[in-house]
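Here is the structure we will look at.
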Amino acid sequence: MSKISLSLHDKHLIETIKWNKKIAMKVQNNSNRNINEISELLESFYPFAKERMGFDKDPEVRFESDPKNAQYVLGKTAYYNPEDMTITIYVDGRHPKDIMRSLSHELVHHAQNCNGQFDQGYATKEGYAQEDDHLREMEKEAYLEGNMCFRDWEDGYKQSNPLQERKERLFYKLLRNI
Ligand SMILES: [Zn+2]
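In the working numbering, the protein residues as written are 491 to 668.
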């Protein structure tokens with residue numbers, strides 16, 4: 491009988507299955523975009539982010555289309571609503587990685603909400619990131635922790651899925667040549 495030894499890929503697969511069981515986040519796609527590709531990444535990323543950021547309640551994520559907004563260079567990309575724990579992400583014309591990074595940022599705000607940091611009723615009106623010290627700190631944390639969480643997950647994911655990574659690179663190379 492041959493000795494069973496798990497390859498790194500198998501180990502990752504088992505980890506992924508374990509993670510999938512933990513996914514409880516609702517995803518609602520109200521956009522015109524097919525989100526299959528993003529959903530697949532999310533299955534791996536969400537449990538990773540949840541564990542790392544340490545929140546216990548699951549938010550709901552809504553993918554939205556807003557063609558007018560997509561035309562503006564500084565159009566809105568995403569926001570978090572602490573009242574009903576929903577994350578809204580505008581997905582038109584964006585690279586999947588950019589969408590995931592946005593999600594990571596908003597998940598930090600969700601973690602802050604679970605920690606009671608929104609409890610004082612802060613309104614996120616325009617200019618809040620400059621005028622309100624408390625919100626500015628929260629925003630700084632979301633940028634730093636959100637980006638680093640995404641980056642660390644991405645590096646681990648690529649190592650575990652080298653074939654997927656090669657396929658993706660080839661795909662974007664082909665896209666550039668069209
Ligand atoms: Zn933010």
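Cβ atoms here follow ideal geometry from the backbone N, Cα and C, with glycine treated the same way.
Keep in mind the model is a prediction, meaning the values are calculated, not measured.
Task: Coil, strand or helix - Glu554 by DSSP - done: Three-state result, Glu554: strand.
Task: For Asn559, the three-state DSSP class (helix, strand or coil) - done: helix
Open item on the list: Could you check whether the Cβ of Glu596 sits closer than 8 Å to any heavy atom belonging to ligand 1?
Closed with: The answer is yes for Glu596.
- [ ] Run the proximity test for Tyr633: is its beta-carbon closer than 8 Å to any non-hydrogen atom belonging to ligand 1?
- [x] Within the cutoff, so yes.
- [ ] Taking only the alpha-carbon atoms, compute the straight-line gap between Ser592 and Gln649 and give it to the nearest angstrom.
- [x] 22 Å
Open item on the list: Using a Cβ-Cβ cutoff of less than 8 Å, which residues in the same chain neighbour Gly636 once the five nearest sequence positions on both sides are dropped?
Closed with: Excluding positions up to five away in sequence, the list reads Arg591, Ser594, His595, Glu596, Leu597, Val598.
Open item on the list: Based on DSSP bridge pairs, tell me the residues matched to Ala568.
Closed with: Ile579
Open item on the list: Does the segment 545-552 come into contact with the segment 580-588, if we say contact requires no fewer than three beta-carbon pairs (one atom in each stretch) closer than 8 Å?
Closed with: no
- [ ] Would you mind giving the Cβ-Cβ distance between Pro586 and Glu527, rounded to the nearest angstrom? I have them listed as a contact below 8 Å.
- [x] 6 Å
Task: Reference Leu488, options Glu530, Asn603, Glu554, closest by Cα - done: Absent from the model: residue 488. The displayed extent of the chain is 491 to 668, so no value can be given.
- [ ] Return yes when the Cβ of Asp556 is within less than 9 Å of the Cβ of Gly544, no when it is not.
- [x] no
- [ ] Using 10 angstroms around the beta-carbon of Tyr562, count the other beta-carbons present and answer buried if the total reaches 16, otherwise exposed.
- [x] exposed
- [ ] Tell me whether Gln649 sits in a helix, a strand or coil according to DSSP, three-state version.
- [x] In the structure shown, Gln649 sits in a helix (DSSP, three-state: H, G or I).
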